[in-house]
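Remarks on the structure that follows.
Number of protein chains: 2
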Amino acid sequence: MAGGELDRAMQYLAKLPGLGPRSARRAILHLMKRRESLMIPLAEALAEAARAVRPCSTCGNLDTVDPCGICTDPRRDPHTICVVEDVADVWALERAAAFGGRYHVIGGVLSALDGVGPDDLNVDTLVARASDPAVTEVILAMNATVDGQTTAHYIADRLAPTGVRVSRLAHGVPVGGELDYLDDGTLAQALRARQAV
Amino acid sequence: MAGGELDRAMQYLAKLPGLGPRSARRAILHLMKRRESLMIPLAEALAEAARAVRPCSTCGNLDTVDPCGICTDPRRDPHTICVVEDVADVWALERAAAFGGRYHVIGGVLSALDGVGPDDLNVDTLVARASDPAVTEVILAMNATVDGQTTAHYIADRLAPTGVRVSRLAHGVPVGGELDYLDDGTLAQALRARQAV
Ligand SMILES: [Zn+2]
Ligand SMILES: [Zn+2]
Chain L
1 MAGGELDRAM QYLAKLPGLG PRSARRAILH LMKRRESLMI PLAEALAEAA RAVRPCSTCG
61 NLDTVDPCGI CTDPRRDPHT ICVVEDVADV WALERAAAFG GRYHVIGGVL SALDGVGPDD
121 LNVDTLVARA SDPAVTEVIL AMNATVDGQT TAHYIADRLA PTGVRVSRLA HGVPVGGELD
181 YLDDGTLAQA LRARQAV
Chain Z
1 MAGGELDRAM QYLAKLPGLG PRSARRAILH LMKRRESLMI PLAEALAEAA RAVRPCSTCG
61 NLDTVDPCGI CTDPRRDPHT ICVVEDVADV WALERAAAFG GRYHVIGGVL SALDGVGPDD
121 LNVDTLVARA SDPAVTEVIL AMNATVDGQT TAHYIADRLA PTGVRVSRLA HGVPVGGELD
181 YLDDGTLAQA LRARQAV
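Those protein sequence lines, which keep their order, are chains L and Z.
If you count the first sequence from 1, position 122 lands on 122 in UniProt numbering, and the numbers rise without skipping.
If you count the second sequence from 1, position 120 lands on 120 in UniProt numbering, and the numbers rise without skipping.
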């Protein structure tokens with residue numbers, strides 16, 4: 001009865017993490033009441049982001065340019081690469097303003113349960129980048145979860161032949177905690193006290 | 001660093017009820033990973049709904065046609081009007097498939113706190129509809145909140161001169177509800193309105 005257009009928008013909204021059918025219904029009514037100020041601008045921003053934003057072919061970060069703005073920023077240290085699971089972690093570290101090097105987004109963690117194996121992660125490209133003599137250190141900033149730490153060990157093993165120095169974030173990241181949930185101070189502390197692997 | 005397009009989409013998503021900045025970040029990354037299957041379809045569905053869906057000028061329900069499909073459905077009882085606060089309540093009653101008449105969406109409740117007065121609600125149009133001799137009953141289906149009940153009393157007073165029969169939803173124990181979890185007011189109401197078996 002809502003009209004096929006509303007139903008379709010609701011069904012898509014309900015697929016977003018944290019939203020279910022009920023909150024999608026509330027969201028679409030909220031949007032319909034703010035047609036000009038929110039609904040149309042959101043639709044346009046989503047369409048424009050879908051069109052213009054792409055993963056950086058060097059590091060996996062999302063940007064409208066490739067390589068991304070971080071990879072090409074001459075003020076950023078080209079000797080240090082911080083390896084993260086996801087783009088959300090790049091954003092968390094950038095918000096903390098605690099890291100001045102470059103990133104590498106591997107795109108997940110090894111997980112037998114979820115069927116994620118080494119070939120599903122961007123590790124080959126990391127090994128290639130780390131083989132450049134200009135790169136002197138790789139910081140493994142995986143989440144402090146079992147899968148995150150398993151993945152960090154796997155990456156450290158893969159990087160060993162390159163001779164690059166490999167470090168990880170200091171404990172201070174709560175066990176079981178995810179980077180994206182941390183306050184900026186904790187994140188900055190953990191980065192400063194990073195340890196050789 | 002996310003690119004202005006992603007930031008803008010995130011800021012709009014963060015304005016949806018139930019989403020904040022953090023869940024908006026998760027949502028936009030979820031969408032970017034499903035560009036073709038979810039992000040672009042969602043953007044198109046929102047744009048299309050914003051373009052095509054309008055409030056029914058008779059009852060306030062949302063539809064692509066005006067009057068809406070419920071108002072013009074010849075199978076629905078034209079003698080009974082169910083008054084609800086919001087379109088979400090129309091959808092809830094339609095899902096329950098418990099009502100075969102027509103609706104009237106007043107668009108909120110009287111609230112001194114939120115500065116909502118009688119002129120902000122679609123009550124004049126309800127009184128006009130109820131004045132049609134073909135309409136024999138108006139069911140007030142406001143939420144069982146203080147503001148909802150205040151609003152129901154106000155509407156009942158406004159309808160009195162039309163002579164139409166005015167009823168409200170029964171209060172009681174929700175189907176499947178456990179007494180132990182119910183608030184005292186509901187329990188007392190359910191007891192007072194007890195029915196012979
Ligand atoms: Zn990059
Ligand atoms: Zn209608």
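C-beta atoms are modelled at their ideal positions from N, C-alpha and C, and glycine is treated no differently.
Bounding residues of the beta strand (DSSP E) (the contiguous stretch that carries residue i)
i              : result
V123 (chain Z) : Counting along the chain, V123 (chain Z) falls outside any beta strand (DSSP E), and DSSP gives it neither H nor E.
L140 (chain L) : E137 to L140
S167 (chain L) : R165 to R168
Residue i, buried or exposed, once every other Cβ within 10 Å from all chains shown has been counted against 16
i              : result
V138 (chain Z) : buried
S23 (chain Z)  : buried
A193 (chain L) : exposed
Y12 (chain L)  : buried
R75 (chain Z)  : exposed
L42 (chain Z)  : buried
L113 (chain L) : exposed
A49 (chain Z)  : buried
A96 (chain L)  : buried
A9 (chain Z)   : buried
Secondary structure of residue i, DSSP reduced to three states
i              : result
D183 (chain L) : coil
L13 (chain Z)  : helix
V84 (chain Z)  : strand
S57 (chain L)  : coil
G100 (chain L) : coil
V116 (chain Z) : strand
N62 (chain Z)  : Sequence inspection shows Leu at residue 62 (chain Z); the Asn mentioned does not correspond to that position. L62 (chain Z): strand per DSSP, three-state reduction.
V90 (chain Z)  : helix
S111 (chain L) : strand
M1 (chain Z)   : Low per-residue confidence applies at M1 (chain Z): pLDDT is 45, beneath 50, and the placement is therefore not dependable, though the value from the model is reported in the following sentence. DSSP places M1 (chain Z) in coil when its eight states are reduced to three.
Cut-off 7 Å between Cβ atoms - residues of its own chain near residue i, not counting five sequence neighbours on either side
i                     : result
M1 (chain L)          : Since pLDDT at M1 (chain L) reaches only 45, below the 50 mark, its modelled position is unreliable, and the value read off the structure follows with that caveat. Once the five neighbours on either side are set aside, M1 (chain L) has no close Cβ partner at all.
L6 (chain L)          : I28
residue 199 (chain Z) : Missing from the structure shown is residue 199 (chain Z); chain Z here goes from 1 to 197 and no further.
A14 (chain L)         : G20, P21 and A24
V123 (chain L)        : I106, I155 and R158
D120 (chain Z)        : G108
D184 (chain Z)        : none
T162 (chain L)        : V127, A130 and S131
L38 (chain L)         : L31
A134 (chain Z)        : P78 and H79
L182 (chain Z)        : V173
Close Cβ partners of residue i (< 8 Å) along its chain, the five nearest in sequence each way excluded
i              : result
T136 (chain L) : H79, T80, V164 and R165
N61 (chain Z)  : P55, C68, I70, C71, V87, V90, Y103 and V105
L159 (chain Z) : L126, V127, A130, V138 and V166
D147 (chain L) : V109, L110 and S111
V84 (chain Z)  : V90, L93, Y103, H104, V105, I106, A141 and M142
G117 (chain L) : L110
First and last residue of the uninterrupted alpha helix (DSSP H) at residue i
i              : result
R76 (chain L)  : Careful: R76 (chain L) lies outside any alpha helix (DSSP H) and carries neither H nor E.
T145 (chain L) : Unbroken run through T145 (chain L): none, as it is neither H nor E.
K33 (chain L)  : P21 to K33
A43 (chain Z)  : I40 to A52
Anticipated Cβ contact below 8 Å, residue i with residue j, distance rounded
i              : j              : result
L169 (chain L) : F99 (chain L)  : The Cβ separation is near 10 Å, so there is no contact.
L31 (chain L)  : L46 (chain Z)  : 7 Å
G18 (chain Z)  : R34 (chain L)  : Wrong, their Cβ atoms sit about 15 Å apart, outside the cutoff.
H171 (chain Z) : Q189 (chain Z) : 4 Å
Same chain, Cβ closer than 6 Å to residue i, five either side skipped, listed in chain order
i              : result
T151 (chain Z) : V109, L110 and M142
D77 (chain Z)  : G100 and G101
T58 (chain L)  : P67 and C71
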